[in-house]
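For reference, the structure discussed in these notes is given below.
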Amino acid sequence: MTNTNERTELLAMLADQRNLFRITLRKIDENQARQRSTVSDLTLGGLLNHVSHCEEHWLNVIVERDENSAFDPAAAADEYAITDSQTVEGLLRRWDDIAARTEELVLALPSLEDLVPLPTAPWAPEREWWSVRKILLHVFREIAHHSGHADIIRESLDGQNSTYARVDVDEETVQAWMSGAA
1 MTNTNERTEL
11 LAMLADQRNL
21 FRITLRKIDE
31 NQARQRSTVS
41 DLTLGGLLNH
51 VSHCEEHWLN
61 VIVERDENSA
71 FDPAAAADEY
81 AITDSQTVEG
91 LLRRWDDIAA
101 RTEELVLALP
111 SLEDLVPLPT
121 APWAPEREWW
131 SVRKILLHVF
141 REIAHHSGHA
151 DIIRESLDGQ
161 NSTYARVDVD
171 EETVQAWMSG
181 AA
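Read in order, the letters of the sequence shown correspond to residues 1 to 182 in UniProt numbering.
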């Protein structure tokens with residue numbers, strides 16, 4: 001059986017990455033969540049929708065262990081957008097539910113070393129098998145990767161820097177830190 005401490009550490013790091021992503025969403029309105037701020041089509045709301053779908057997808061891969069599954073990139077393309085009927089609050093609640101399911105599954109699995117068949121994809125036509133641990137690390141990487149995108153988008157929207165937003169201080173304090181006066 002996998003060390004419980006390893007599981008709690010992995011789950012804590014996943015939670016930390018989710019929280020870092022969430023910082024980019026603080027104090028934005030629904031219009032800002034849909035606003036492009038770079039040449040990319042990515043928006044904060046679209047990225048939020050994607051990372052929640054991504055985590056849910058990998059959770060389902062672990063649970064279903066379908067040796068005949070295939071990833072459909074066209075179907076996943078819609079994940080990068082936020083629809084008119086979706087809200088940031090609703091997407092965050094959905095992600096919280098997925099995170100709770102992830103935690104429940106990770107704590108209940110007999111071993112993080114169990115091998116899971118991955119869906120084939122156009123870029124990976126041969127079936128691969130990954131350990132549950134590697135899948136969790138992949139989810140961690142996906143969230144971290146898109147947190148960087150979200151940070152750039154947010155900073156382009158209104159100048160908020162996630163590094164300083166982590167501690168939720170006023171702009172004067174940030175400027176003092178930046179100038180070395182604090």
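Even glycine gets a Cβ: it sits at the ideal position worked out from N, Cα and C. The model shown is predicted, which means the values in this text are computed figures rather than measured ones.
Supposed contact pair residue j and residue i - C-beta distance, whole angstroms, cut 8 Å
i, j, result
"T24", "S162", "6 Å"
"R7", "L107", "6 Å"
"H50", "H145", "Going by Cβ atoms, the distance from H50 to H145 rounds to 11 Å, so no, they are not a contact pair."
Short Cβ contact (7 Å threshold) for residue i with residue j
i, j, result
"E56", "I98", "yes"
"residue 222", "R94", "Outside the modelled stretch of the chain, which goes from 1 to 182, sits residue 222, for which no answer is possible."
"V139", "I62", "no"
"L48", "R101", "no"
"Q17", "L157", "no"
"G45", "Y80", "no"
"E103", "L20", "no"
Span of the alpha helix (DSSP H), counted from its first residue to its last, around residue i
i, result
"Q32", "E30 to R34"
"T60", "For the record, residue 60 in the displayed sequence is Asn; it is not Thr. Where N60 is concerned, the enclosing alpha helix (DSSP H) stretches over L44 to E64."
"A75", "P73 to A76"
>> Runs of 4 residues minimum, wholly inside the segment 103 to 177: which ones carry the alpha helix (DSSP H) assignment?
In response: Listed in chain order, they are 132 to 158 and 162 to 165.
>> Is it the case that the segment 117 to 125 contacts the segment 9 to 28, given that we only count it when at least three CB pairs across the two stretches are under 8 Å?
In response: no
> Between the segment 68 to 77 and the segment 137 to 151, do at least 3 Cβ pairs fall closer than 8 Å?
Replying inline: no
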